[in-house]
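Okay, here's the thing in structure tokens:
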């Protein structure tokens with residue numbers, strides 16, 4: 012079974028530029044998550060999708076971050092415009108959960124390391 | 202946000218058992234107890250989870266206190282590949298990682 016795929020693995024941009032990250036979850040997984048992990052901290056949930064609907068985006072900075080999951084499969088996370096404090100690893104995860112609860116395990120991708128200069 | 206309390210760091214000798222504690226005194230009846238670990242430069246990896254009963258899988262065992270206010274992740278024989286940050290997470294309305302326990306395995 013293929014794991015969660017993410018691209019790119021690394022990205023360096025200047026502040027005020029835009030950037031997009033892509034995630035392909037494990038086949039058949041209804042729930043997809045995007046996390047932000049700043050160096051030295053644990054991952055922080057940004058947004059959770061169930062199929063193509065948003066379950067939780069309470070910690071997503073909506074003035075600059077956006078995410079979509081068209082057709083309930085792949086997902087894209089965008090930052091526009093980027094700030095220095097957005098430098099972090101962006102992790103995508105997926106789960107078999109169909110109820111929005113955390114009763115199932117999550118499988119994580121390798122992440123995208125973003126550096127904003 | 203922090204619902205769990207873990208020691209910042211622990212050490213273990215190779216091939217010895219490791220008991221990683223976690224306190225979650227405000228756990229609600231529907232919160233699952235999850236454990237994930239993260240090796241350097243990798244995404245978190247699922248270890249184990251449970252609701253009320255103790256759980257075993259090929260990686261580890263999860264011992265849950267009767268009142269569910271604490272739990273312990275047990276690695277039966279630590280190897281060098283088990284050196285990682287271990288996160289104890291309550292899965293209810295939120296999924297908050299915290300800062301975890303950094304486990305060092307001594308050869």
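Chains as they are written, first to last, in my numbering: chain A, 12 to 128; chain B, 202 to 308. The beta-carbon is built from N, C-alpha and C at its ideal position, and this holds for glycine as well. All figures in this text were calculated on a predicted structure; none of them were measured in a lab.
- Spanning the alpha carbons of residue 102/A and residue 215/B requires a straight line of approximately 30 angstroms.
- Taking a cut-off of 8 angstroms on C-beta distances, the region 73 to 86 of chain A touches the region 15 to 34 of chain A, as three or more cross pairs fall below it.
- Approximately 19 angstroms separates the beta-carbon atoms of residue 52/A and residue 305/B; this is outside 8 angstroms, ruling out the contact.
- The three-state reading of DSSP puts residue 124/A in strand, counting E and B together.
- Residue state for residue 55/A is assigned as strand, using DSSP reduced to three classes.
- By the rule that beta-carbons nearer than 8 angstroms mark a contact, residue 118/A touches chain B.
- The region 34 to 121 of chain A contains, as complete beta strand (DSSP E) runs of 3+ residues, the segments 42 to 48, 55 to 61, 64 to 67, 76 to 79, 86 to 90, 99 to 106, 117 to 119 (chain order).
- Distances from the alpha-carbon of residue 17/A to those of 28/A, 126/A, 24/A, 37/A put 37/A closest.
- Each of 222/B, 296/B, 307/B, 207/B was checked against the Cα of residue 112/A, and the nearest Cα belongs to 296/B.
- Contact between residue 56/A and residue 98/A is absent: CB atoms are separated by about 18 angstroms, not below the 8 angstroms threshold.
- Excluding the 5 residues flanking it on each side, residue 264/B has same chain C-beta neighbours closer than 7 angstroms at 255, 272, 273, 275, in chain order.
- Each residue's CA atom was taken as its position, placing residue 127/A and residue 303/B some 27 angstroms apart.
- Residue 252/B sits in coil when the DSSP states are folded into three classes, being neither helix nor strand.
- Closest in alpha carbon position to residue 62/A, among 46/A, 107/A, 92/A, is 107/A.
- For residue 221/B, the closest C-alpha among the options 207/B, 234/B, 230/B, 290/B is that of 207/B.
- A Cβ-Cβ separation of about 6 angstroms places residue 217/B in contact with residue 279/B under the 8 angstroms criterion.
- The three-state secondary structure of residue 276/B, taken from DSSP, is strand.
- Going by DSSP, residue 267/B is part of no beta strand (DSSP E) at all; its letter is neither H nor E.
- Using a Cβ-Cβ cut-off of 8 angstroms, residue 207/B does not count as an interface residue toward chain A, since no Cβ of chain A sits closer than that to its own.
- Pairing residue 226/B with residue 267/B, the inter-Cα distance amounts to about 12 angstroms.
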